[in-house]
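So the protein sequences, as listed, match chains A, B and C. Per my numbering, the first sequence starts with residue 59, numbered consecutively. Per my numbering, the second sequence starts with residue 13, numbered consecutively. Per my numbering, the third sequence starts with residue 4, numbered consecutively. Built from N, CA and C at the ideal position, the CB exists for glycine as well. Just so we're clear, the structure is a prediction, and the values are computed from it rather than from any experiment.
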Amino acid sequence: MDAASLAAYAALFLTAAVKAGTPLLYATLGETITERSGNLNLGVEGMMLMGAVAGFQFGLITRNPLFALTAAMLAASLGSLIFAFLTVTLRANQVVSGLSLTIFGAGIAGFIGQKLSGQVVPASVKAWFYPVKIPLLGDIPGIGQILFNHDILIYLSYMLAIGLGIYLFNTRKGLNLRAVGENPAAADAAGIGVSLYKYVHILAGGALCGLGGAYLSLVYVPAWQENITAGRGWIAVALVIFVAWNPYKALLGAFFFGGLDILGLYLQKFDIKVSQYIINMLPYIVTILVLVFTSIKKSKENAPPKALGVPYFREDR
Amino acid sequence: MNRQTYIQLQNITKSFGTVVANSKIDLSVHKGEIHALLGENGSGKSTLMNVLSGIYTPDSGSIIIDGREVCFKSPADSIAMGIGMVHQHFKLVEVLSAKENIIIGQKGNFFINQKRLSEQIGKLARKLGLDIDPDKKVYNMSVGEKQTVEILKVLYRGAEILILDEPTAVLTPQETQKLFDIMRKMREMGCAVIIITHKLNEVMEISDRITVLRKGEAVATLDKSATNINELTELMVGRPVDLSIKRLENQKKETILKVSNLTLVDDDNVKVLQNVSFDLSKGEILGVAGVAGSGQKELCEAIAGLYEVYSGDIRYEGESLVGKTPREIIKKGVSMSFIPEDRLGMGLVASMDIVDNLLLKDYQNHKGFLIDRKPLKEKAEQLVKRLDIKTPGVNHPVKQLSGGNIQKVLLGRELDSNPHLLITAYPVRGLDIGASYTIYDLLNEQKAKDVAILYIGEDLDVLMELCDRIMVLCNGEITGIVDAAKVTKEELGLMMAGVCLEKIKGGSSYA
Amino acid sequence: MLRISKRTDLTKKQYIQLRLAAVIMALFTSGIFILIMGQNPAAIYFAMLQGAFGSFYGLRETIIMTIPLVITSLGISTAFKMKFWNIGAEGQIYMGAFAASYFALNHHDMPKPFLLLVMAAASIAGGGLWALIPGFFKARFGTNETLFTLMMNYIAIKWITYLQYGPWKDPNAKGFPIIAAFKETAILPGFMGIHIGLIIALALVALMHIFMYHTKKGYEISVIGESENTARYAGMNVKKIIVAAILLSGGLCGLAGMIQASGVHGTLSVDVSGGIGYTAIITTWLGQLSPALIMLVSFLFAALVQGGSYIQTVFQIPQAAASILQGMILFFVLGSEFFIQYKINFKKEGI
């Protein structure tokens, strides 16, 4: 293969990586703001599945993408509402609550999805998600094709990542959110409504996970298949750690993990015999490495929110 | 001065489970006064102020601010009424900077203007004569700096009622004076300042009026000018007490512990103890004074074999302890107990009962794999009887006992092993006066039995009365070893702040 | 206005009542769901009971499912007791099964009892070492073990998938991606129509009970769980004990993996665990780390799963419905924990 076609092939791969990373990005952003509020929701996989199935079902019924996406967000938020009620109001164990949500969400998706197997997304919905080239930006050689020749949901995910980054690091509300996740007692004493912050961000986080799921069923596949998320929810949990709870880094991290997801496929062309299953291990291995390095460096900035997983009760003595 | 009543608490009752922390308390505070809330540990001072700052909801009673009855559902409501509290355990977010901590929870523009914020805070700090770097992260701060941030946080909100919970516990005498200056400034500005404390001399120095709490009840409110330390003590304790601790005279006996040039480094290779040398003889109490975190804990742990020695030597009865395991050192008759700030957590297992806690130092003497609890149960019952520990039974979790009884269990167990060297850090932490004196008596009893005691303490008055000599640590270095009977508190304060004894005394040492 | 406070006065009777109320409310809520589906909830619940206990076959399946759940939960409880939040049981099961399978596939000419012992030892080592990796980093650097062990699960599953689709694929399987079945020498002997794992599980429950409450090591583990500092001050070698306990924790999970491969599936596959590692976290936690309670909860949970698959065949309700029911019951039981820990007082506004 000569240099030019190699470059073209690489661009093709990177374009696909962005697309494969998009459902991960949505879920990662969702889980990031959830964990920033101090709640570890391991129900991402369940919420993505709920979003995927609700989005697909409503897409079929209404043939309207906006209704479909709204349904996806609502369904997943409903799942996260259960989680929020259990862990915030009732102070239940977060790990067990999250795992239960995954069981529940998979059940709902399997139950509804049973009748959807093999169906495809209606053309009227699909048409909304054709790639649109962005003027000027899309014409930049290389980068234009990789980043700015995509469907509308991908552009939305860029804006969300940047928007959430600004929210988290440059606004008062974002500062309050970080305080809640780090030290809820301090936040409470400073007059921040700790429970309200947790609820809002867990629900919003759920909605984003739902969008990630809907991207899979409506755009990425775009048809219904059983267990459509195939563990992407768990990859998102890993990604949150990998990007150190930072929405900006999530943007890059998601595309990196998206690339790993499809790497095996693209390597076949070079006669490189690396099993896709081995490549599939990489996201988890790099995440572990990141986890280990941050703990060795004792980095305070990249460490998990301090109160992650700990229920808060004001009158604890 | 404005003498109108600004804050009025009426009939406040608050209980936790079966423990009544506040019972029908009345309190009124004026504008422009410094009001001291005096009481022993566990008398309900902090609980009452947590009620006023909206953290606890009272079971009954009412709060009237500036003539209006208010009902606080959360700290936000209390802040809105101009109340600000500096908690004993700081409520700061470690990874955030000073200025971020100051503005959390505050209303304002959606976006944060970093530059203007720094200017605002700098201005406020200068007005109050405080020194602060707005961009410094809290995890890089000293205790004093953290307290400054807490105070600024409250004042930035324009609080007119400032509550300080045991603010001097972590400060040197000199830093305390600085804090008192700020409090006086606030009084001049017309604020109401409430200070929670159990230190009588501070009360007499700073306050205008004093409310004394005892066992959850308000027993009296007095003008400072119309009272004295003896009256206050009697009100606090409920009976006349003799506040002097008797010091058993000891003749110089043989040295049991000799520490020479001990240097310790932490994980980041920072020296936490530097060239520390001292010796301790049988039947002597050597006190260790210093601001919290000056290396006291590391020193205790090094002797007990829990902290790796970087250089130097520790000789106990002529034999080096360096490199020995904690188990071997315990077997040689060295007992170490450390009461951390949360009081449980080192030495005792909160959720276990007295029997299982006695087991802690005993189980390794059992043969085989299994544990036999029977003999320990008898031992536990004896201990309860001998030290008059109040508990429903020896199988009751220790965390449900009162602080004094918990410490009796701990010290009782340590003494039970008949140590030759007793290292005890903050043994009266959180205890009321009566219980503290029981502990001092226990220590003196050991001293009479020729046990050598290394006593790490907080209260300088107690150190000066109980100990034979006092060693002062500052930033891991010894700034002086002095005769407890001859030193003054001011001198100790200067040494704690890092001024060497030689400088104070013009080169003449009198230890 | 509601006021919430911690409670300390709960009696055993109230405790059981609260738990039962939670399950009943879950069944009630799920009942509404079933009604909406157009089925009779009472009939479905009855059928579930019948499916789980009503026949020898059903009971047998329930017990077969209980066995790995109990053993894995015992393993997890050892780590949880130490406040080491090991949620990596799933991976430890797979790695235990993998290590055992290595001997089963390559050394099946050994005498049966000997081979089985070797497999058991290998599975304990496999699961234990897999748990030790996050354990080491936790003990050495304080690396967050919840997230670490979670990641280790996925690596283990991908590894088994790789083996099944790659190097260990049975060449005689006509291209199907399966690993060759174990030879007879590597299969667990039967016991009362089930397999000998039943005895192992029961014995382990008894042993772990004694271990936790009556041995020095068990005592040390509970002290460390409460406070590492206290343990250090008592002269315990904290790191050594942590490492030993984590090896035990992972080892038990690994053993569960071997029992599944050798006693149930007859070979190694990506379905060898099928989520037992996660379910066991739930049963461990609901069983409050007590071996006896864990056994009870695991049995009930297995019955729920077994009953769920029974109604699938009888009522043509998708298996997913059983997951929904499972989730629902868990939500309610989790919620009931609140009423066990806290008391709610009603009082009038504005006192």
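Practice item. Show which residues of chain C have a CB atom less than 7 Å away from the CB atom of threonine 69 (chain B). Key: Arg6
Check your understanding: Residues in its own chain within less than 7 Å of methionine 216 (chain B) by CB, not counting five upstream and five downstream?
Key -> Lys236 and Ile241
Review point. Identify the residues that DSSP records as bridge partners of arginine 327 (chain B): which are they?
Key: B:Lys270 and B:Ser332
Review point. What's the gap between the Cα of glycine 353 (chain C) and the Cα of isoleucine 192 (chain A)?
Key: The pLDDT assigned to glycine 353 (chain C) is 40, lower than 50, so where the model puts this residue is not dependable, and the model offers no usable value.
Point to revise | Proximal chain C residues relative to serine 338 (chain B), where beta-carbon distance stays under 9 Å | key: In the sequence on display, residue 338 (chain B) carries proline and not serine. Neighbours of proline 338 (chain B) on chain C, chain order: Arg235, Tyr236, Ala237, Gly238, Met239 and Asn240.
Exercise for review: Can you pull the chain B residues whose beta carbon is under 9 Å from the beta carbon of lysine 358 (chain A), in chain order?
Suggested key: Glu106, Val107, Lys149 and Tyr151
Exercise for review: Using a Cβ-Cβ cut-off of less than 7 Å, list which residues of the stretch 287–300 of chain B approach chain D; keep chain order.
Suggested key: The structure shown contains no chain D; the protein chains it does contain are A, B and C.
Review point. Going by the beta-carbon positions, is the gap between threonine 59 (chain B) and asparagine 34 (chain B) smaller than 7 Å?
Key: yes
Practice item. Ignore the nearest five residues each way along the sequence and tell me which others in phenylalanine 125 (chain A)'s own chain have a CB closer than 6 Å to its CB. Key: Phe116
Check your understanding: Taking the alpha-carbon positions, what's the glycine 54 (chain B) to threonine 65 (chain C) distance?
Key -> 54 Å
Exercise for review: Would you mind stating whether tyrosine 452 (chain B) and leucine 478 (chain B) have Cβ atoms separated by less than 7 Å?
Suggested key: yes
Point to revise | Reduced DSSP category for arginine 221 (chain B) - H, G, I as helix; E, B as strand; rest coil | key: strand
Exercise for review: Measure from the alpha carbon of alanine 304 (chain B) to the alpha carbon of each residue in B:Arg339, B:Ile351 and B:Gly202, then state which is nearest.
Suggested key: B:Ile351
Review point. Between which two residues does the alpha helix (DSSP H) carrying leucine 49 (chain B) extend?
Key: Looking at the DSSP string, leucine 49 (chain B) is not in any alpha helix (DSSP H); the run it does join, the beta strand (DSSP E), is 46–51.
Point to revise | Segment limits, beta strand (DSSP E) that includes asparagine 234 (chain A) | key: Unbroken run through asparagine 234 (chain A) is the alpha helix (DSSP H), 230–240; no beta strand (DSSP E).
Check your understanding: Is DSSP giving aspartate 329 (chain A) helix, strand or coil here?
Key -> coil
**Study point:** Span of the alpha helix (DSSP H), counted from its first residue to its last, around leucine 136 (chain C)
**Key:** Here the sequence assigns isoleucine to residue 136 (chain C), which means leucine is not the residue at that position. Start and end: 115–144.
Point to revise | DSSP state of leucine 217 (chain C) mapped onto helix, strand, coil | key: With the sequence shown as reference, residue 217 (chain C) is identified as histidine, and leucine is not the correct amino acid for it. Three-state result, histidine 217 (chain C): helix.
Practice item. Determine the extent of the alpha helix (DSSP H) in which histidine 259 (chain A) is found, giving its start and end residues. Key: 252–272
Check your understanding: With contact counted as at least three CB pairs below 8 Å, one residue from each stretch, are the stretch 122–140 of chain C and the stretch 239–259 of chain C in contact?
Key -> yes
Practice item. Find the residues of chain A that neighbour proline 87 (chain B), judging by a C-beta separation of less than 8 Å, and give them in chain order. Key: Asp246, Ala247, Ala248 and Gly249
Review point. Which of the three DSSP states, helix, strand or coil, is assigned to asparagine 262 (chain B)?
Key: coil
Check your understanding: Residues of chain C with CB under 9 Å from leucine 157 (chain A), in chain order?
Key -> Ile90, Tyr281, Thr282, Ile284, Ile285 and Leu333
Check your understanding: Between the stretch 324–340 of chain B and the stretch 268–282 of chain B, do three or more beta carbon pairs fall short of 8 Å?
Key -> yes
**Study point:** Whole-number beta carbon distance between cysteine 512 (chain B) and glycine 492 (chain B), since they are thought to touch under 8 Å
**Key:** 7 Å
Point to revise | Below-7 Å beta-carbon distance, glycine 228 (chain C) vs any chain A residue | key: no
Review point. Is there at least one Cβ from chain A nearer than 7 Å to phenylalanine 84 (chain B)'s Cβ?
Key: no
Point to revise | Pairwise C-alpha distance: leucine 485 (chain B) and valine 284 (chain B) | key: 11 Å
Exercise for review: Using the Cα positions of isoleucine 250 (chain A) and phenylalanine 122 (chain B), report the straight-line distance between them to the nearest angstrom.
Suggested key: 15 Å
Practice item. Taking only the alpha-carbon atoms, compute the straight-line gap between leucine 571 (chain B) and glycine 96 (chain B) and give it to the nearest angstrom. Key: There is simply no residue 571 (chain B) to check, as chain B begins at 13 and stops at 523 in what is shown.
**Study point:** For glutamine 20 (chain C) and leucine 13 (chain C), the rounded distance between their alpha carbons
**Key:** 11 Å
Point to revise | beta strand (DSSP E) runs contained entirely in the stretch 293–351 of chain C, provided each spans 3 or more residues | key: 345–349
Point to revise | Contact under 7 Å by Cβ, glutamate 89 (chain A) with valine 298 (chain A) | key: yes
Practice item. Could you please give the first and the last residue of the uninterrupted alpha helix (DSSP H) stretch that includes arginine 290 (chain A)? Key: 290–300
Review point. What does a CB cutoff of less than 6 Å around lysine 149 (chain B) pick up in its chain, not counting 5 residues either side in sequence?
Key: Ser109
Check your understanding: Can the beta-carbon of proline 180 (chain A) be found less than 7 Å from the beta-carbon of aspartate 209 (chain A)?
Key -> no
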